[in-house]
Amino acid sequence: MKIFITIILLALPMLAAAQIKATTEEGKSVLLFENGTWEYFTQETPQITETTSLKITDGLNKESDLDELYYAESKRLVKYFGPTKGKIKGRAKCMFVEGQAKIYFQWELGLLDSYRYFGHMKAGKKISLITKNNTSIDLILTEDIDMEFMEKYNFSILKGACMLNDDQFKRIMHSPISEMTVEWKKEVETYKLNDAYFFSRTFTELLK
């Protein structure tokens, strides 16, 4: 698979996704998005400085570190354990396997019987990445499906990965991802990401 993708280095998708740059009554600059959200625009906000084409070569094998996406309340776990103990940690790493983009996801829970609340990990589970403009990039877990139970620490780790097609990869590279949803067995849960540019920035770093 050979893909040429144009990346605005250091800007990533923020300015492309924003619809309007406005000024408040206090004189502060903000970026307005289609879904009604906004962010302050500061000198630290990434600027458009350079446009370049990055090439994914056939046979490329490379991966990032496993990083935290969020540490958030789970609606289902909060019902049983309260907001303090009812949290789930989501991690991810970006990869290229024989030239094809791949995302590996990992969820960590402080309980052994996580399957009672979320079901068993199986191929076909749907993950949706929600952009700041409220569009959805739907992914299906098909790879590296596993569940690990650490009885000594009363801990569960759920694992799964998906290969990205060309369209999914290009959309991820050009869209800030603000949230993700996971279709667990009992219900769908939504989690806000720590860094909206995690995927685009991490894949870009792998291609440099």
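Sequence positions in the sequence shown follow mature numbering (1 follows the signal peptide of the UniProt record, and there is no 0) and run -18 to -1, 1 to 190.
Ideal Cβ positions, reconstructed from N, Cα and C, are used throughout, including at glycine.
Rounded straight-line distance, which links the Cα of Tyr173 to that of Lys71 = If you number the sequence shown from 1, residue 71 lands on position 89. If you number the sequence shown from 1, residue 173 lands on position 191. Their Cα atoms are separated by approximately 10 Å.
Measuring CB to CB, does Leu188 end up less than 9 Å from Phe63?
-> Here residue 188 corresponds to residue number 206 of the sequence shown, with the count starting at 1. Here residue 63 corresponds to residue number 81 of the sequence shown, with the count starting at 1. In this structure, Leu188 lies away from Phe63, with their beta-carbon atoms at least 9 Å apart.
Could you spell out the range, first to last residue, of the alpha helix (DSSP H) harbouring Ser96?
-> Along the sequence shown, read from residue 1 onward, the residue named residue 96 stands at position 114. The continuous stretches of alpha helix (DSSP H) do not include Ser96, and DSSP gives it neither H nor E.
Does the segment 128 to 140 touch the segment 170 to 184, meaning 3 or more C-beta pairs lie closer than 8 Å?
-> Not touching, per the Cβ criterion.
What did DSSP end up calling Leu188 once you bin it into helix, strand or coil?
-> Position 206 of the sequence shown, counted from the first residue, corresponds to residue 188. Reduced to three states, the DSSP call for Leu188 is helix.
Local conformation of Lys174 per DSSP, three classes | On the sequence shown, residue 174 is found 192 positions in, with the first residue counted as 1. In the structure shown, Lys174 sits in a strand (DSSP, three-state: E or B).
DSSP state of Thr113, grouped into three classes?
-> Counting from 1 along the sequence shown, the entry for residue 113 is found at position 131. In the structure shown, Thr113 sits in a strand (DSSP, three-state: E or B).
What's the gap between the Cα of Thr39 and the Cα of Lys61?
-> Numbered from its first residue, the sequence shown carries residue 39 at position 57. Numbered from its first residue, the sequence shown carries residue 61 at position 79. Spanning the two alpha carbons is a distance of roughly 48 Å.
Report the residue from Tyr53, Leu94, Thr184 and Gly41 whose alpha carbon sits nearest the alpha carbon of Phe138.
-> As a first step, residue 138 is located in the sequence shown; it is residue number 156 there, counting from the start. Looking at the sequence itself, residue 138 is Ser, so the reference to Phe does not match. Across the set Tyr53, Leu94, Thr184 and Gly41, the C-alpha of Leu94 shows the shortest separation from the C-alpha of Ser138.
At which residues does the beta strand (DSSP E) containing Gly72 begin and terminate?
-> Taking the sequence shown and counting its residues from 1, one reaches residue 72 at position 90. Per DSSP, Gly72 belongs to the beta strand (DSSP E) from Lys69 to Val79.
Taking the alpha-carbon positions, what's the Leu91 to Lys69 distance?
-> Indexing the sequence shown from 1 puts residue 91 at position 109. Indexing the sequence shown from 1 puts residue 69 at position 87. Rounded to the nearest whole angstrom, the C-alpha separation of Leu91 and Lys69 is 7 Å.
Helix, strand or coil: which one does DSSP assign to Thr163?
-> Residue numbering aside, residue 163 sits at position 181 when the sequence shown is read from its first letter. Strand.
Buried versus exposed call for Leu48 [16 or more other C-beta atoms within 10 Å across all chains shown] = By one-based count along the sequence shown, residue 48 stands at place 66. Exposed is the call here.
Nearest to Lys104 by CA position, among Glu55, Leu140, Tyr86 and Ile112, is which residue?
-> Within the sequence shown, numbered from 1, the residue matching residue 104 stands at position 122. When each option's Cα is compared against that of Lys104, the closest is Leu140.
What three-state label does DSSP hand Leu123 in the structure shown?
-> Along the sequence shown, read from residue 1 onward, the residue named residue 123 stands at position 141. The three-state reading of DSSP puts Leu123 in coil, since its state is none of H, G, I, E or B.
Residues that DSSP places opposite Leu91 in a beta bridge | Residue 91 sits at position 109 when you count from the first residue of the sequence shown. Under DSSP, Leu91 takes part in a beta bridge, and its partners are Ser138.
Name the DSSP beta bridge partners of Tyr52, please?
-> Working through the sequence shown from its first residue, we reach residue 52 at position 70. According to DSSP, which records beta bridges pairwise, Tyr52 is partnered with Gly72.
Would you mind giving the Cβ-Cβ distance between Ser118 and Cys76, rounded to the nearest angstrom? I have them listed as a contact below 8 Å.
-> Counting from 1 along the sequence shown, the entry for residue 118 is found at position 136. Counting from 1 along the sequence shown, the entry for residue 76 is found at position 94. Between Ser118 and Cys76 a beta carbon distance of about 19 Å is seen, past the 8 Å cut, so the two are scored as non-contacting.
Grab me the residues of Lys167's own chain with a C-beta within less than 7 Å of its C-beta, minus the 5 sequence neighbours each way, in chain order.
-> Counted from its first residue, the sequence shown places residue 167 at position 185. Within the same chain, Cβ atoms closer than 7 Å to the Cβ of Lys167 are found at Phe100 and Gly101, the five residues on either side in sequence being excluded.
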